[in-house]
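Here the structure is laid out as structure tokens; the discussion comes afterwards.
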Amino acid sequence: MAKENNNSDELITTIIAGIEDIKGNDIKILDLREIENTVCDYFIICDGNSNTQVNAIVNAVQKKVSKALKDHPWHVEGSENAEWVLMDYVNVVVHVFQKHIRQYYDIESLWGDAKTTVIETSY
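Quick note on the working numbering: the sequence shown kicks off at 119 and runs consecutively.
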């Protein structure tokens, strides 16, 4: 179990670095482990200013995780219109939104019981 948690921590750190490389906005980690019947352990949520930035964030995360951890998402959905792209790394699911779509779906409120960590950025 500890090894699995270390792998998740390393994956989360690498994903956050990929998001920060493209200056993703309002990065949050939702810890879902204490909530029953969840599909994964963590959500990482961020937003970009355009479909171009959303796709750039997704590509940066995939490249960084592939290079550092030799891992690939099990599934990626939403890249076509790049308003909400979901990247499924099994235990960690990454949501990259355009700001107006993130506000509309308000996924943080849907998972309000989750422990939320806000990532402070310097840009």
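Even for Gly, the Cβ is constructed at its ideal location relative to N, Cα and C.
In this text the structure is predicted, and so the values were computed from the model without any measurement.
Cβ neighbour criterion (16 or more within 10 Å) applied to residue i
i: isoleucine 134; result: buried
i: tyrosine 241; result: exposed
i: isoleucine 140; result: buried
i: glycine 136; result: buried
i: asparagine 173; result: buried
i: glycine 230; result: exposed
i: isoleucine 162; result: buried
i: valine 203; result: buried
i: valine 214; result: buried
Distance, residue j Cα to residue i Cα
i: tyrosine 223; j: lysine 188; result: 32 Å
i: valine 211; j: threonine 131; result: 13 Å
i: tyrosine 160; j: arginine 151; result: 7 Å
i: methionine 119; j: aspartate 127; result: Low confidence applies here, because methionine 119 scores a pLDDT of 37, under 50, leaving its location unreliable and the question unanswered by this model.
i: glutamate 226; j: alanine 178; result: 23 Å
Cβ shell of residue i (< 6 Å), same chain only, five flanking positions each side left out
i: arginine 220; result: Asp165
i: threonine 235; result: Ile147
i: methionine 205; result: Pro191, Val194, Val212
Spatial neighbours of residue i in its chain, beta-carbon cut-off 7 Å, leaving aside the 5 residues before and after
i: aspartate 144; result: Cys164, Asp165
DSSP bridge partner residues for residue i (one or two, in chain order)
i: asparagine 143; result: Asp165
Residue-chain proximity (residue i, chain C), Cβ-Cβ < 8 Å
i: serine 227; result: Considering every chain present, this structure includes no chain C. It has just one protein chain.
Contact set for residue i: own chain, Cβ-Cβ below 8 Å, skip 5 residues either direction
i: leucine 129; result: Val183, Leu187, Asp189, Tyr207, Asn209, Val210
i: aspartate 149; result: Asp159, Tyr160, Ala232, Lys233, Thr234, Thr235
i: serine 197; result: Asn173, Val176, Val203
Let me know the beta strand (DSSP E) ranges lying completely inside the stretch 170–219, each 3 residues or longer, listed in chain order.
-> 193–195, 202–206, 210–216
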